[in-house]
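Read the structure below first, then the notes.
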Amino acid sequence: RYKRRRRESRSMSRDKGDEKRLPARTVKVFSDDLLPGGTKQRGLGVILMASLGKCHLYAGPENGFAQVALAVASKACGKKAISVVSAPRKGKRHSSVQEAEKYGAEIVEVAHGKLSDVKEKARLICKRQFQEDLNSPILLPFGLDCEAFVDTLVSSLRASLPSHLVKNGPKRLWLVAGSAVLLATFHRLWPKTHFLVVQVGKKIWTDQLEGKISTKFVAKEKFYEPARISTPYPSVDTYDAKVWQFVLKHAVDGDYVWNVARDPPPML
């Protein structure tokens with residue numbers, strides 16, 4: 188029913204869209220799960236290479252994938268990455284934390300930490316190290332929410348996507364949103380696209396949807412809970428996968444889905 192086509196080359200990351208057939212419908216999936224750091228890896232390398240800093244720090248949830256993107260890009264650029272996350276709830280690190288560490292990131296855990304606690308810990312690390320060493324880590328914004336990153340990611344997508352998709356974007360695109368940075372990126376790339384946005388954690392505010400053709404859905408699962416319905420392709424179970432329940436119910440023939448990443452295999 189969900190027969191997978193032969194994968195495109197990893198460098199293209201299946202940008203043409205991998206078809207998934209639903210009853211009387213076909214949707215195409217942009218599968219950035221083939222990139223070890225997912226979609227945000229596309230823009231981070233350029234940002235890090237342009238940065239004068241030798242070390243960059245990111246604070247976020249333990250199941251967030253931006254920490255993996257930072258670790259992958261930092262290793263490629265010969266720089267250091269620090270990931271500040273909440274400590275594991277059940278005694279075992281989340282696979283995303285393990286993956287970031289595998290690529291060389293230093294992991295700092297905050298016991299019983301809410302996102303606000305994790306961000307404060309990151310700020311204090313930067314402040315303390317700045318007092319001791321002028322080469323202190325540079326704290327990256329949550330979700331990489333800054334104009335420089337969005338601009339860079341848009342340029343990267345324009346360079347890697349097929350020209351016909353750059354010129355004539357999807358009529359409708361499904362995606363999940365946390366920080367909504369990817370939503371802002373895709374809107375800049377495809378201003379006429381109708382975005383079907385699934386909120387999976389942090390609230391998506393009205394001003395983040397302003398000026399966009401969009402429909403918002405809200406996943407009922409808690410942020411750290413896995414999706415109720417799994418995707419027929421590799422995805423992040425607590426994040427991107429939560430789009431599929433809405434695709435099954437509301438997608439129309441010819442829709443596209445953006446899949447940011449996949450869950451790394453758990454380490455023993």
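If you count by our numbering, then the sequence shown holds residues 188 to 455, one letter each, in order.
Glycine is no exception: its CB is placed at the ideal position from the N, C-alpha and C atoms.
Since this is a predicted model, take the numbers as computed values, not measurements.
Using a Cβ-Cβ cutoff of less than 6 Å, which residues in the same chain neighbour residue i once the five nearest sequence positions on both sides are dropped?
| i | result |
| --- | --- |
| SER401 | PHE382, VAL384 |
| THR226 | ASP219, VAL447 |
| LYS389 | GLY365 |
| GLN395 | ALA367 |
| VAL132 | Nothing can be reported for residue 132: it is not among the residues displayed for the chain, which extend from 188 to 455. |
| LEU326 | LEU244, ALA309, CYS313 |
| GLU334 | none |
Considering only the alpha carbon of each residue, which of the options lies closest to residue i?
| i | options | result |
| --- | --- | --- |
| SER273 | VAL284, TRP377, ALA292, VAL353 | VAL284 |
| ARG375 | SER350, VAL363, HIS437, ARG345 | ARG345 |
| THR380 | GLY356, SER366, GLU307 | GLY356 |
| LEU348 | LYS262, GLY232, TRP377, PRO223 | TRP377 |
| ALA268 | VAL405, LEU231, VAL297, PHE404 | LEU231 |
| THR372 | VAL297, SER342, GLU296 | SER342 |
| ALA263 | ALA246, GLY278, ILE234, ILE294 | ILE234 |
| THR435 | THR418, ARG449, PHE336 | It should be pointed out that residue 435 corresponds to Leu in this sequence rather than to Thr. When each option's Cα is compared against that of LEU435, the closest is THR418. |
| VAL444 | GLY224, GLY251, ARG359, PRO223 | ARG359 |
| LYS277 | ALA298, LYS354, VAL259 | ALA298 |
| VAL423 | HIS351, ARG449, GLY251 | ARG449 |
| LEU302 | GLY251, ASP338, HIS351, ALA258 | GLY251 |
Can you tell me whether residue i is buried or exposed, with buried defined as 16 or more other CB within 10 angstroms of its CB?
| i | result |
| --- | --- |
| GLU397 | exposed |
| TYR411 | exposed |
| SER270 | buried |
| LYS207 | buried |
| TRP392 | exposed |
| SER366 | buried |
| HIS243 | buried |
| LYS266 | buried |
| ASP442 | buried |
| LEU239 | exposed |
| GLY291 | exposed |
| HIS261 | According to the sequence as given, residue 261 is Ser; it is not His. So SER261 counts as buried. |
| PRO223 | buried |
| ARG188 | At ARG188 the pLDDT is 34, less than 50, meaning the model places this residue with poor confidence and gives no usable figure here. |
| LEU340 | buried |
| ALA237 | exposed |
| LEU311 | exposed |
Starting from the C-beta of residue i, find all residues in its chain whose C-beta is less than 7 Å away, skip the five residues before and the five after it, and write them out in chain order.
| i | result |
| --- | --- |
| PRO275 | GLU249, HIS281 |
| ARG212 | ALA438, VAL439, ASP440 |
| VAL363 | VAL385, VAL387, TYR426, ASP427, LYS429, VAL430 |
| GLU408 | ALA414, ARG415, LYS429 |
| ARG197 | The pLDDT assigned to ARG197 is 30, lower than 50, so where the model puts this residue is not dependable, and the model offers no usable value. |
| GLU288 | ILE294 |
| LYS403 | VAL384, GLN386, ILE391, LEU396 |
| VAL259 | PRO223, GLY224, GLN228, TYR290 |
| LYS133 | Outside the displayed span of the chain (188 to 455) sits residue 133, for which this structure offers no information. |
My understanding is that residue i touches residue j, with C-beta atoms under 8 Å, so please give their C-beta distance in whole angstroms.
| i | j | result |
| --- | --- | --- |
| LEU185 | ALA253 | In this structure the chain extends from 188 to 455, so residue 185 is not present and cannot be described. |
| PRO421 | GLU286 | PRO421 to GLU286, Cβ: 13 Å. No contact. |
| ALA246 | GLN228 | Between GLN228 and ALA246 the Cβ distance is about 18 Å, and since that is not below 8 Å, they are no contact. |
| PHE329 | LYS306 | 7 Å |
Looking at chain B, is there any beta carbon in it that lies within less than 8 Å of the beta carbon of residue i?
| i | result |
| --- | --- |
| GLY398 | Among the chains of the structure shown, chain B does not appear; only one protein chain is present. |
Which runs of the beta strand (DSSP E) fall wholly inside the segment 288-362 and span at least 3 residues, in chain order?
Runs of beta strand (DSSP E) with 3 or more residues, each lying fully within the segment 288-362, are found at 293-297, listed in chain order.
In chain order, each alpha helix (DSSP H) run of at least 4 residues that lies wholly inside the segment 194-277:
For the segment 194-277, whole alpha helix (DSSP H) runs of length 4 or above, ordered along the chain, are 228-237, 253-264.
Which parts of the segment 361-438 are runs of the beta strand (DSSP E), unbroken and 3 residues or longer, counting only runs that do not cross its ends?
Complete beta strand (DSSP E) runs here, min 3: 381-386, 400-405.
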